[in-house]
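J.: Just dropping this structure here.
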Amino acid sequence: ANPRTRRVAMEMLSKLSLQGGDSCTFFMLDAAFVRKFSGKNLPFFQELRDKFTADEPLVEVALDYADVVKGTHIETTLAVSHRWMQLDDPDPDGEQLKALKGFLNSPNGKKIERVWIDSACMPQDHPKGSRSAEDAAAFKRMLKEVNRLYLGTTVLILLDLSYVSRFWTQFESWLAMQFAMPDGLKPAVGTKNERHHIVCIQNAAEQSELHERMLIQSWATKTPEQAHAFLSKPDVTVTNQSDKEGQLPKIKALDASVQGAFGDISRSLEDTLVASEAAAARAEAELAAWETENDAKAGEKNRLKVAARQAASAVAAARLAKEEHARAISSSVVPAMMKRAEAALAEDSLSMSDVPELVLQLSGGGDKQKEQAARALGSLAVNSNNNRVAIAEAGGIAPL
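Under the numbering used here, the first residue of the sequence shown is numbered 44, with each subsequent residue one higher.
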C-alpha cells in the first residue's frame, strides 16, 4: 500500500484497538456498494480498504449492548452468517455474493444500509502471515465482540449442507433467533422480534424448506445453557479451536450482559428525565422572575419564553422515551421493533382527513413531529395525483 493508504489504515485501526468501555467499533460495507458490485465475489477487507479508496465502501459503526437490546440497528444493518467454502476463500464460485445481492434487492432487504460479513469487514490473514500487527489487533478485538452483531442486527443466513456442522455458523444462527428482554434472552421466532432470513445455497437449495425447518427447530428455542451444551460437543467443528474456547464462556454470560444493558438504559432514561425536569423548572423560574420584574407577560419570541418552551419540550420527549421503552418491554417487543410496527400501522391507517393536522405539524411542530408528518404526507402523496393536489392546496407541498 502507498504511504497515504497506510496512514489512513493506521488511523482506522487505531480507533478500534484503543477503544475502551462497552462500545466496539466494527467496519461494515456500504450496502449500496454491495448492490452495485460487479465482481464475482467480494474482496477481502485489506483490498477494500487499500484499493477501493474512491468508492469508500467501508463505514465504521460503534455498537454497544444498549444498541443491541434496543434494536437500534435492526432495520438498517445486516450481518451475514455463512460458511467459508475453502480455508482461503469463503465464496469461490460467487454463490454467496449472488444470494446476498438478491436479498439486498428484495423487499426484505431494501432498507438495509450497511452489511457486515467477516471476510470483507475484518482484516484477514491470507496469504498466511501477511496480516500486520495493527490488523491482527483489530481482528482480535472485533472477533471477541462479534456476538453483538448477530444479536443486534438483521441476520441473513446462507445455508449450505455443511453449515450445520460448524461452530461459528450454528452460534450465529442461535443468536439470530433470539431477542433481548430485561430478564435475558427469549426466542424470537414466531414473534414480532423475528429478524433472521434464510437463503439456501449450493446443494441445500434442492430441499430448501426442509433445511430451513431443521435449522429453526434446532436453534429457535434453545436457552443459553442448552446452546452452550450443544456447541461444546466435539462434533461441532471449528477451524481455530481458540475461537470456540473464547466464545463458549460468553454464551453463558449473555443473559447477564443483556440484563445489565437494560438496567443501564432504564437508569439513563430516568436520569435524563430528572435532569430535563430540573432544567425546565429553572427556565420557568427565570421567566417568572423576568415577568415580575418587568410587570409584563413575555412575548412568544422573548428569549426566556423560548427557553422555557424548549425545556418543556425536552421534558415531554424524555417522558415519552421512558414510556415507550416501558411499553415495549411490557409487550415483550424489542423497543426499535415496536416503533417500526407502530409507524407502519399509523401509515396504514392514514387518510386524507388527516392532512390539515399533518400540515400544521409540518409547519410548526418539533423536529420529530415534522419528520413524522413529512413521512406521512409523503405516503399519502404517493397514492394518487388527487392526493397530491389536496396536499398542495392545504399548504403541505412547500414545507415538504
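Beta carbons: idealized from backbone N, C-alpha and C, even for Gly. The structure displayed is predicted, hence computed values, not measured ones.
Compare the beta carbon distance of L121 and I155 with 9 Å and say whether it is the shorter of the two.
T.: Yes, they are a contact pair.
J.: If you drop the 5 nearest sequence neighbours on each side, which residues of the same chain put their C-beta closer than 8 Å to that of Q284?
T.: Cβ neighbours of Q284 beyond the five flanking positions: none.
J.: Apart from the five residues just before and just after V77, which ones in its own chain have a Cβ nearer than 7 Å to its Cβ?
T.: Excluding residues within five positions, the ones whose Cβ falls inside 7 Å are L143, K144, L147 and V158.
J.: So, using beta-carbon positions, are S319 and A354 closer together than 9 Å?
T.: Going by C-beta atoms, S319 is nearer than 9 Å to A354.
J.: Could you pull the DSSP bridge partners for E103 from this structure?
T.: For E103, which the question treats as bridged, DSSP gives the partners F70.
J.: With DSSP run on the structure shown, which of helix, strand or coil describes K187?
T.: In the structure shown, K187 sits in a helix (DSSP, three-state: H, G or I).
J.: With DSSP collapsed to three states, give me the class of G137.
T.: In this structure, G137 counts as coil in the three-state DSSP scheme.
J.: How about V377 and K113: do their beta carbons lie closer than 9 Å?
T.: Going by C-beta atoms, V377 is nearer than 9 Å to K113.
J.: On the three-pair Cβ rule with 8 Å, is the segment 192-199 touching the segment 216-231?
T.: At 8 Å Cβ cutoff, the stretches touch.
J.: Where A350 and R370 are concerned, what is the direct C-alpha to C-alpha distance, given to the nearest angstrom?
T.: Rounded to the nearest angstrom, the two C-alpha atoms are 30 Å apart.
J.: What separation, rounded to the nearest whole angstrom, lies between the Cα atoms of A323 and S356?
T.: A323 and S356: Cα-Cα distance of roughly 9 Å.
J.: Quick check: what's the CA-CA separation for Q250 versus I241?
T.: Their Cα atoms are separated by approximately 13 Å.
J.: Based on DSSP bridge pairs, tell me the residues matched to L330.
T.: BP columns for L330 are empty, so no partner.
J.: Is the beta carbon of D286 less than 9 Å from the beta carbon of L202?
T.: No, Cβ-Cβ distance for D286 and L202 is not below 9 Å.
J.: Just to confirm the assignment: which complete beta strand (DSSP E) runs, minimum length 3, are found wholly within the segment 201-240?
T.: If we require 3 residues or more, the beta strand (DSSP E) runs fully inside the segment 201-240 come out as 221-224 and 227-230.
J.: Could you give the first and the last residue of the continuous alpha helix (DSSP H) run that contains R370?
T.: It spans R346 to S373 - the alpha helix (DSSP H) in which R370 sits, taken as one unbroken run.
J.: Go ahead and pull the three-state DSSP assignment for V123.
T.: Correct three-state label for V123: strand.
J.: What would DSSP say about R157, mapped onto helix, strand or coil?
T.: R157 falls in the strand class under three-state DSSP.
J.: Which one or two residues does DSSP pair with T280 in a beta bridge?
T.: Paired residues: R209.
J.: For D338, which three-state DSSP category applies?
T.: In this structure, D338 counts as coil in the three-state DSSP scheme.
J.: In whole angstroms, give me the CA-to-CA distance for Q302 and K183.
T.: Rounded to whole angstroms, Q302 to K183 spans 25 Å at the Cα level.
J.: Give, in chain order, every unbroken run of the alpha helix (DSSP H) that is at least 4 residues long and sits entirely within the segment 242-320.
T.: Those alpha helix (DSSP H) runs which fall completely within the segment 242-320 and span 4+ residues are 251-262 and 267-275.
J.: Among the candidates A270, D226, R238 and A97, whose CA atom is the shortest distance from the CA of N152?
T.: Per the sequence shown, the amino acid found at residue 152 is Gly instead of Asn. It is R238 whose Cα lies nearest to the Cα of G152.
J.: Taking DSSP as the reference, what is the three-state secondary structure of D132?
T.: Of the three classes helix, strand and coil, the one that applies to D132 here is strand, per DSSP.
J.: From the DSSP output, which residues share a beta bridge with L420?
T.: Looking at the DSSP assignment, L420 forms no beta bridge with any residue, so it has no partner.
J.: Examine the Cβ distances between the segment 255-272 and the segment 291-298 and report whether three or more of them are shorter than 8 Å.
T.: They touch, by the three-pair rule.
J.: State buried or exposed for R256, treating a residue as buried only when at least 16 other CB atoms are found within 10 Å of its CB.
T.: By the neighbour-count rule (16 or more Cβ atoms within 10 Å), R256 is not buried but exposed.
J.: Expressed to the nearest angstrom, what Euclidean distance is found between the alpha-carbon atoms of N337 and K344?
T.: In a straight line, the C-alpha of N337 is about 16 Å away from that of K344.
J.: Is the Cβ-Cβ distance between A341 and E334 less than 9 Å?
T.: Yes; because the gap between Cβ atoms is below 9 Å, this pair is in contact.
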